[in-house]
Every structure is written in C-alpha cells, then in structure tokens.
Amino acid sequence: MTKSLMFIGCAIFFMIALYSCRPPAPGAAATVDAASRVYVPPGEHDEFYNIVSGGFNGQISVVGLPSGRTFKIIPVFSVNPENGYGFSEETKPMLNTTHGFIPWDDLHHIAISTTDGVHDARWAFANANNTPRVARLDLTTFNTVEILEIPNSAGNHSSPFITENTEYVVAGTRFSVPFGEEEEDVDVPIETYKENFRGAITFISVDPDDGEMDIAFQIDAPPFNYDLARGGKGISGDWFFFSCYNTEMAHTLLEVNASQHDKDYIMAINWRKAEQYVREGRAETVRAQYAHNKMDKATHMASSEIKEDVLMLDPTEFEDIIYFIPCPKSPHGVDVSHDGKYIVGSGKLAALIPVFSFEKMIEAIENEDFEGDINGLPILNYESVLHGEVERPGLGPLHTEFDGRGNAFTTMFVSSEVVMWDIETLEIIDRAPTYYSVGHLMIPGGCTAEPHGKYLVAYNKITKDRFLPTGPELAHSAQLFDISNGRLELLLDFPTIGEPHYAEAFPAELIKDKQVRFYDINENQHPYVTRGPGQARVERETEDRVRVYMTSIRSHFRPDNIEGIFVGDTVYFHVTNLEQEWDLPHGFAMKGANNAEILIMPGETLTLKWIPDRVGIWPFYCTDFCSALHQEMSGYVRVSPRGADVPLTYSTGGR
Amino acid sequence: MKKIGLTSRILILVAAVAIISAYFYPIWEIKLWAPQYPEGIGMQIWIDRLTGDLASINKMNFYIGMAEIDEAMFPEFDYLKYIIGFIMAVGIVAGIAGRRILMNIFFGLLVLLGIGAMVDMYLWGYDYGHNLDPTAAIKIPGQSYQPPLIGYEQLLNFLAYSGPDTAGWIMGGSALLVFVAILLEYGVFRRLFKRKKP
Chain A
1 MTKSLMFIGC
11 AIFFMIALYS
21 CRPPAPGAAA
31 TVDAASRVYV
41 PPGEHDEFYN
51 IVSGGFNGQI
61 SVVGLPSGRT
71 FKIIPVFSVN
81 PENGYGFSEE
91 TKPMLNTTHG
101 FIPWDDLHHI
111 AISTTDGVHD
121 ARWAFANANN
131 TPRVARLDLT
141 TFNTVEILEI
151 PNSAGNHSSP
161 FITENTEYVV
171 AGTRFSVPFG
181 EEEEDVDVPI
191 ETYKENFRGA
201 ITFISVDPDD
211 GEMDIAFQID
221 APPFNYDLAR
231 GGKGISGDWF
241 FFSCYNTEMA
251 HTLLEVNASQ
261 HDKDYIMAIN
271 WRKAEQYVRE
281 GRAETVRAQY
291 AHNKMDKATH
301 MASSEIKEDV
311 LMLDPTEFED
321 IIYFIPCPKS
331 PHGVDVSHDG
341 KYIVGSGKLA
351 ALIPVFSFEK
361 MIEAIENEDF
371 EGDINGLPIL
381 NYESVLHGEV
391 ERPGLGPLHT
401 EFDGRGNAFT
411 TMFVSSEVVM
421 WDIETLEIID
431 RAPTYYSVGH
441 LMIPGGCTAE
451 PHGKYLVAYN
461 KITKDRFLPT
471 GPELAHSAQL
481 FDISNGRLEL
491 LLDFPTIGEP
501 HYAEAFPAEL
511 IKDKQVRFYD
521 INENQHPYVT
531 RGPGQARVER
541 ETEDRVRVYM
551 TSIRSHFRPD
561 NIEGIFVGDT
571 VYFHVTNLEQ
581 EWDLPHGFAM
591 KGANNAEILI
601 MPGETLTLKW
611 IPDRVGIWPF
621 YCTDFCSALH
631 QEMSGYVRVS
641 PRGADVPLTY
651 STGGR
Chain B
1001 MKKIGLTSRI
1011 LILVAAVAII
1021 SAYFYPIWEI
1031 KLWAPQYPEG
1041 IGMQIWIDRL
1051 TGDLASINKM
1061 NFYIGMAEID
1071 EAMFPEFDYL
1081 KYIIGFIMAV
1091 GIVAGIAGRR
1101 ILMNIFFGLL
1111 VLLGIGAMVD
1121 MYLWGYDYGH
1131 NLDPTAAIKI
1141 PGQSYQPPLI
1151 GYEQLLNFLA
1161 YSGPDTAGWI
1171 MGGSALLVFV
1181 AILLEYGVFR
1191 RLFKRKKP
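Protein chains in written order, with my numbering: chain A, 1 to 655; chain B, 1001 to 1198.
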C-alpha cells in the first residue's frame, strides 16, 4: 500500500518536473505604452494610408496606420453588391475578359505608382492571379478605373511590380503554359512540358499623363514558375528581377518534383535593352486576344475592347537581356534595397538568405563570369554575384522590406517570425514572433527609394486564437510593429479583410487633399443622364425595352409613380444623383430584381436593369440613409400583362 | 458755403473710392453649422446676386417649409448697384468740392443705406422665418426660423450667423472715415484735446 502510494507520488513528481522543463513560449506581450502609440484621437487622422490586397476576395482594403482601422473596401476583380460594382450596366464591362464576364479573382499584390523610385501615389496597381489581369485604381476616387487582361499567362503572380518611374508594370506567369496562334500549339500532352510550355513575362506600359495601360511587349522566357518580382532602383533602375522556382520544369506533384534543385534562379532582365530592341522592331507580332477595360471619367461608364495581338521578344536572339543568378532554394520573394545596390532572394526552402550585389552582377556580366546557360541565356557564377549570406535567419524566408537606415526585415513563414538584419554586415539584430505564420510584410515606402522606417506590418496566414473565435473561418490577423528604435516592438494586433498578401503604405498627406468629394453634375456626360428634375421621364424605346430617366435628391425619386410597364419588359433605371454635396450618396433597389442595388455618388449616373416577371405593384426605395426623410424616399411601378390597355405614364407628387 | 480742410477731403475721397469694393466683394454673409455640417454651409450676399451653398441651404429649409431662396425674388438686386453708385458719386463730389453740406449729405446717405439694408434684411428674414409651408415635414408649434440680423443664433440643430462680409466691412469703414471728417470739421477733436494750461 505504502509502496504503491510512493510510486504514484514519484510518478506525479516526475510528470510535473518534466512538464516544467518545457521551454517558455515566446512572449506575446506588446510594449507597455503600445496603446498610446497606435491611438488616433477621435476626429484626427492616421499618418499613413495602407493599401492592402484582399487575396481571395478580389478586393482591396484601405486601412489607416498606425490605428489599423479599415476605411473602405474597393471592389477590383470581384463583384460588389454593396455598391453595384459588376451589377450596374456601367461597371459590368470592367469584369469582361476573353472568357466573358468573370465575377471573381484572387488579388495578391499592390504597387503604388512612383516617380524616381518614390511614391507619388497617383495610382494603385493590382494583379488578378487566377485569370491573369492587371488593374489600375485612381487614388483620388479610390475606384478601379482600368483592367487589362494578360494573354499567354496563367497564374499572374509576379505582378504588378513597377519600374521606378512607373514606366512599366510587369506581369510574370507563375504557371508556364503552351501558347501560340494555332490550336495544335496549345492542345499538347502535359508531359511535353519542357518542349512546349513557355513562360511569358509581360511589360505593360503606363501613360505618364493619364495612367492608361497597354501591353508594350512580352518576353518568351523558359518554362519556369515566376513567383515574384521587383524593379531595380537608382543604379539598378534599368533592371527587373524575377524569382523562379520549378526550374526542374516539373508538371506533376510539384511539392516534390519542383523542390529537387539546391539552387533555382533569380532572373535579371535588362528592360531598357528589351525596350530598345522592341523599338528597333526586333519583336515579333503574334496573335493573342485580351480584353482591355476602361472606365470613362466623363460618362461614368466602362467599356471593354478585345485586342488581337502582342509584340513577342525571343530573349535567346539577344545576348544582353536576360541573366540568371543561382539562388537557394525555390526563392519566393526577390527584393531590392532602397539604394538599388542589393538584391535579396528569399529561398523559402533555404536555411540562409542570400544577398546579391548589383555591382558584382554587372562586373560578372562584363567578365562573362558564367557557370552555364539555359537555352543560351547565361547563368552567372553564384559566388561572384553574392554579397553574402545571412546565416541561420529562421525557417521559411518569404519576403524582405527595408527601413532606409541599412536594415532589412525578412518574414519567416515556418518559424513564424520577422527577422531584422543589417544589410552590410548580414548580422541579425532582432527577431519577433508573429501570430501566426507571417506571409508578406510591409514598411511604409519600404519597397521604394525612400522608406519611412517607422512602422512594420506583418500580414499573417494563420490566426487561431488571436481574436474572439468565429467558427471555422477566421479573419486573417496582422501585426503592427514599431521599428523606429532599431528593434521590433509589437504595438497592435488587428483583423483584416479577405486574405491580405502584399500591401503598400504612404504618407496620407500625399493624396488626402486631392480627394474627389462629388462629381460635377454639369460635367456628367452619361448618355442617359438626367441633369435636372424637369428632364425626368420614362420612354418606351422598343416594344419591350423601357428607359427610366430618374433623378434622386433629398428626399424623393422623380418619377416615383410609373405605370404602363409590362411583364417581360427590360427596364433600365438610369438614376442620376442630383446632389452636389460631399457624402450624399443615394441607393436604389427594386423589389424582385435579379440584381444588386446601385449606390449612386453625387453627380453620378448608374443603371439598374430589371425584367419584371409578374403582374403587380412593385416598390423601389433609397437604400442609403440619406436624410431625415429617407424612409419616405420610395416609389411604385405598376406592372401589367403584356399588351394590357395601360398607357405609359409617370409622375411625382401628381405632376 | 463752408469749405472743409484737406485732411477731411482726403478722408472723404478714400471713403468714397473704397465703396467700389461693393462691386467686387460680397457685402453680407450668412453661415450655418450643424452636427452634419462641421465645415459649415454659407451664403454670400453681393450687390446683385447670391452665392454659396444655396442648394444645400434650400434643401435643409425644405424640411421646415421655408420658401426656396432664389435671387430672382429680390428686386433689391436690380437697383442696389445704382443706389450704391449714386452714394459713391456724392462722396467723390463732396471730396473734390470740399463743401461741408455735401460731406454731411454723403454721411447721411451712408447711414440711411445701412439702416435701410438692415430693415430690408429684417423684413425678408421675418418673411422667411414665419411664412412657412403648411405641408412642411417638420412642424414645431411656436417655432419660427428668423435668422439673426447680426450675430449668432441657435435655430433647431443649426447655429446661424449673420454679419458683414468683405465689402460690408469696407463700407462700414467708409462711414467711419466720413464720421471722423465730420468730427474734425466741427472742431470736436480740437475741443477734446485742447491743451490745458498749467
């Protein structure tokens, strides 16, 4: 009896002793005065705009820093019933592609326009990863104003990174695919990957005045997976760098077959040279269809045009466009330091971070210091281009940003941390845990020639217990660090919208005072605008098509009583918001419409299409609580059987 | 006929010429603030027109049944420019001719203009504030919405302000200059500051 008691006692003691041997988990505590450092008093504004990709929601979030508050969700590649984007007749063409209308995409990366490598914040660019497209947003209205489809590409992941003066936006394919003008070029066995698949790298020109995009040329690169990209800056400004994985050129079970090489590559492209050869007419015009969708400022209407060909550059015909830098192992991010001197490859399966020197790269090219070639494209000697390696940084390096003071910050997906290191000495200075498994990170201006090295945001892939739990699906978490004191100090945890990948941030002063408050009704060139209540009317255009020229102003629609509509008519409500004041949108929703609402900004015209499916009286109303008489802002449409003896009439207040 | 001194003539001329500002700057301003309008909405009264956030003000006034403010309704805008032009001409003549009687007439006209304008504004304000549409959405028994003649007043959720704008201040200054000239001419300053013998 005593023996067995003693045995149990010993066992318990042993268990407790073993448990207390567990090393402590990294501290989750924020800095003591963190709250006051992220506090923006009521009525005051955040210091930075943070433009955040929404990943699988196809949208962009506009967040303030340091507060972490979300101000707006901008629909880009996904429909948005909230304001009618993709539902109104005006915005449907924005989502047109060569496959027809696509209501969704996966938006990964943001690029904010720069001049001399510094944010000018005129436009934001974003990529669609699934059906390759690049979008441009106007940062005076925070609207998507242009979407360009990318032909010959699949998985538009290394996009939309830009050159330092926003001359070009790039779009590299993550999935190489066969392409060509004939069906037999593309209808090939998958196992002929190495022979038939190609990796298109697209350079999109940006008009310096109005931002309009156009495909300038494509480079027919080897069939690797082009994961991420960065433009050079300053001394490296003529170059673009792409990380490549699957240089094994596997086409099945990539998790094994594309992880065999100890080193893959960073592909360096001299885009100035490529541009010059294109200008000299040395690119081939090839047939390739793609949609180009534009929102017209004057008419508030989008149009979609299908274009037919692109200029294709075969890099193997030239000696000085493409060079490969060996990079361990399956590099994900490739990032260029603010002074343009260093290129950091984040080999996600590597146990170190290689840092390459641009000057050494140029020297190696001049000395033809090559260790091989790919289809005649030179592979530079790793040791000759290497500035040095960051030893034991952590596990799973993904992305690097810079503070402009000589420090680099790299995210570690597997070891779930951000690591701060010195670019020159390659010494690790600090590290901080993230909650959990950080993907991208962002320092305001951290990818530009002029970083604002005050804050760092880590965008995490796993959330688990960070917030009040909401069932199986959780918000993705982000963490704000203060980096101004030469170390990583955790200030704030905040939830985000969608799945943020890359984001950028810039000082609010850049665009705060340039915001459009409303559209001038006198400049509204919409073909179905109603410029004043006197012009409100209903017209039967054809036997079964009716156009309602409707106005909305506090607090009525004109007309608000409509009769003489028949079952099966196509009714277009062209609603013009006559308000000329800031923050006075009106909504419009129609009972039974197989459609969303429209949310019309002051001075704008939007169109809701409705096909009444049955006889009756159908109300419509304003969905935005616009005024004290908002609940009164409604009307009725009488729908009669086709051919009924009901004349088309319309009125408001009996007139 | 009594002649006046050079200083007074210069004062009168400056006062008269300054009145020309009425043709280039608004004379009076009305401003309104509400919780929803932290930046305020305003209306400027010029010699012959109204400017500012008229549409916004009318939209607010609609709730309480105030008549729509429309510059076509004010006959003052047709003749005010002639009245002010006439007064300015009298001032210039007074300054050049240097007659005391003309100076007095000029001052009298300025004072009359000021009083007339205030009375006119009061009557319009009374009419707008009391003559409300019986079908108005918001009706508060006993509440009128007459804007303040000058200064601040709280009207429901709005804080209203009424006061001179640029040209109004300048014309007030003109009247003051002429008043100083009158004091000079009637020896008020001399008597006031006469040095006392020790």
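All residues carry an ideal CB built from backbone N, CA and C; glycine is no exception. Because the structure is a prediction, the values reported are computed rather than measured.
Residue-level contact to chain B via CB, residue i, 8 Å cutoff
{"i": "L313 of chain A", "result": "no"}
{"i": "G635 of chain A", "result": "no"}
{"i": "R554 of chain A", "result": "yes"}
{"i": "A644 of chain A", "result": "no"}
{"i": "A536 of chain A", "result": "no"}
{"i": "Q580 of chain A", "result": "yes"}
{"i": "L629 of chain A", "result": "yes"}
{"i": "G654 of chain A", "result": "no"}
Residue i, buried or exposed, once every other Cβ within 10 Å from all chains shown has been counted against 16
{"i": "E275 of chain A", "result": "buried"}
{"i": "L1123 of chain B", "result": "exposed"}
{"i": "S1174 of chain B", "result": "buried"}
{"i": "S36 of chain A", "result": "exposed"}
{"i": "L488 of chain A", "result": "buried"}
{"i": "N152 of chain A", "result": "buried"}
{"i": "P469 of chain A", "result": "exposed"}
{"i": "Y1079 of chain B", "result": "exposed"}
Cβ neighbours of residue i in the same chain (closer than 8 Å, five flanking residues each side left out)
{"i": "I511 of chain A", "result": "Y49, A121, L139, T140"}
{"i": "V278 of chain A", "result": "A216, F217, L311, L313"}
{"i": "L1006 of chain B", "result": "none"}
{"i": "E191 of chain A", "result": "H251"}
Span separating the alpha-carbon of residue i from that of residue j
{"i": "T551 of chain A", "j": "K591 of chain A", "result": "19 Å"}
{"i": "N594 of chain A", "j": "V639 of chain A", "result": "16 Å"}
{"i": "A628 of chain A", "j": "T1166 of chain B", "result": "35 Å"}
{"i": "L441 of chain A", "j": "L398 of chain A", "result": "9 Å"}
{"i": "R133 of chain A", "j": "F1077 of chain B", "result": "59 Å"}
{"i": "A1015 of chain B", "j": "M295 of chain A", "result": "56 Å"}
{"i": "N130 of chain A", "j": "A200 of chain A", "result": "15 Å"}
{"i": "E1029 of chain B", "j": "V1188 of chain B", "result": "35 Å"}
{"i": "S303 of chain A", "j": "P93 of chain A", "result": "5 Å"}
{"i": "P1198 of chain B", "j": "R1190 of chain B", "result": "Legend: pLDDT at P1198 of chain B = 49, less than 50; position of this residue unreliable, value from coordinates given subsequently. Near 18 Å, if we compare the C-alpha coordinates of R1190 of chain B and P1198 of chain B."}
{"i": "H586 of chain A", "j": "E424 of chain A", "result": "56 Å"}
{"i": "G653 of chain A", "j": "A1067 of chain B", "result": "18 Å"}
{"i": "K1003 of chain B", "j": "L1050 of chain B", "result": "41 Å"}
Interface flag, residue i vs chain A, CB-CB below 8 Å
{"i": "Y1161 of chain B", "result": "no"}
{"i": "A1137 of chain B", "result": "yes"}
{"i": "K981 of chain B", "result": "As displayed, chain B neither begins before 1001 nor continues past 1198, which places residue 981 of chain B out of reach and without an answer."}
{"i": "K1003 of chain B", "result": "no"}
{"i": "N1079 of chain B", "result": "It should be noted that the sequence gives Tyr, not Asn, for residue 1079 of chain B. So no, Y1079 of chain B is outside the interface."}
{"i": "Y1145 of chain B", "result": "no"}
{"i": "Y1059 of chain B", "result": "Reading off the sequence shown, one finds Lys at residue 1059 of chain B, where the question assumed Tyr. Yes - at least one Cβ of chain A is within 8 Å of the one on K1059 of chain B."}
{"i": "S1174 of chain B", "result": "no"}
{"i": "A1072 of chain B", "result": "no"}
Cut-off 6 Å between Cβ atoms - residues of its own chain near residue i, not counting five sequence neighbours on either side
{"i": "G340 of chain A", "result": "G232, K233, G234, I235, S236"}
{"i": "H292 of chain A", "result": "L148, E305, K307"}
{"i": "A350 of chain A", "result": "P328, K329"}
{"i": "R545 of chain A", "result": "T570"}
{"i": "F413 of chain A", "result": "G396, L398, S437"}
{"i": "A135 of chain A", "result": "V76, A126, T144, I147"}
{"i": "L584 of chain A", "result": "P602"}
Boundaries (first-last residue) of the alpha helix (DSSP H) holding residue i
{"i": "E363 of chain A", "result": "358-366"}
{"i": "P1081 of chain B", "result": "Note on identity: in this sequence residue 1081 of chain B is Lys, with Pro being the wrong assignment. Taken as a continuous stretch (DSSP letters only), the alpha helix (DSSP H) holding K1081 of chain B covers 1076-1097."}
{"i": "N1157 of chain B", "result": "No alpha helix (DSSP H) contains N1157 of chain B, which DSSP labels as neither H nor E."}
{"i": "N129 of chain A", "result": "First-last for N129 of chain A: undefined, no H or E at that position."}
{"i": "D185 of chain A", "result": "183-186"}
{"i": "V79 of chain A", "result": "First-last for V79 of chain A: undefined, no H or E at that position."}
Cβ-based neighbour list, residue i, same chain, cut-off 7 Å, excluding 5 preceding and 5 following
{"i": "Y621 of chain A", "result": "A589, M633, S634"}
{"i": "I353 of chain A", "result": "V344, S346, E389, V390, P393, P397, T410"}
{"i": "P103 of chain A", "result": "S78, V79, G86, L95"}
{"i": "F142 of chain A", "result": "V62, K72, I74"}
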